[in-house]
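So the sequences go chain by chain: A and B.
Count the first sequence with this note's numbering and you get residues 1 to 109, in order.
Count the second sequence with this note's numbering and you get residues 110 to 220, in order.
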Amino acid sequence: QQPVQSPQAVILREGEDAVINCSSSKALYSVHWYRQKHGEAPVFLMILLKGGEQKGHEKISASFNEKKQQSSLYLTASQLSYSGTYFCGTGPGRRALTFGSGTRLQVQP
Amino acid sequence: DAGITQSPRHKVTETGTPVTLRCHQTENHRYMYWYRQDPGHGLRLIHYSYGVKDTDKGEVSDGYSVSRSKTEDFLLTLESATSSQTSVYFCAIGIGNETQYFGPGTRLLVL
């Protein structure tokens, strides 16, 4: 079953923060976050494996609440380069991922 | 760049014709995947492979078959293309225990 992402779209000014949520009705083993720019392939950002785990990548970090079966991606002090569509991928197992339908993020000057 | 190429990058074909897309990797990874991406649906898994001649179905496998006779190549075949198979197709490889890296994609238009 496809995880649900929210919001579907968000527009920010440079320097503002954003949160993208990903929730699943099924028990999760791992959550993977990707960013895709228009016309390009998805690019891996990070993976979270344990409940309550938090990871960071530059000014982008994420948390994973295994009990609530949800993950959140935090973008701090957004830059123009952060624009794109963000996908979460989830799976009960380690290999087969099910992706959400994406959150479109636009950062304006 | 995880050493993944896809061919062709663009293809236009007619309904009812067979089509084969190729995914090639240079780093000997065991796991490979085929996804399709359509507006509003994100990425959906078609088939995946966990070794030479070892494949399994994903959530949208109807109308597609795959083959993996060599570690480096994973082929996706549309036996008889339909307009509903117009999509962008991404191949991915599994690196380490968890991470998937995607190829550049193939845009397929079925008329």
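Positions of the beta carbon are idealized from the N, C-alpha and C atoms, including for glycine.
- Annotation for D17(A): T76 place their beta carbon closer than 6 Å to its own, counting only its chain and skipping 5 residues before and after.
- In this structure, the alpha-carbon of E168(B) lies about 20 Å from that of R216(B).
- Excluding residues up to 5 positions away in sequence, H156 lie with their Cβ nearer than 7 Å to the Cβ of K166(B) in the same chain.
- In this structure, DSSP gives Y29(A) a state outside helix and strand, which the three-state scheme calls coil.
- Residue contact with chain B for I47(A): present (Cβ-Cβ distance below 8 Å to some residue of chain B).
- Within the region 76-108 of chain A, F87, G89, R94, R95, A96, L97, T98, F99, G100, S101, G102 place their CB atoms closer than 8 Å to a CB of chain B, listed in sequence order.
- Taking 8 Å as the upper bound for CB-CB distance, L130(B) and L185(B) are in contact here, some 5 Å apart.
- Interface flag for T124(B) against chain A is unset, since no Cβ pair is found closer than 8 Å.
- Per DSSP, the unbroken beta strand (DSSP E) holding K120(B) starts and ends at 119-122.
- Below 8 Å, enough C-beta pairs join the region 186-200 of chain B and the region 117-137 of chain B to call them touching: three or more.
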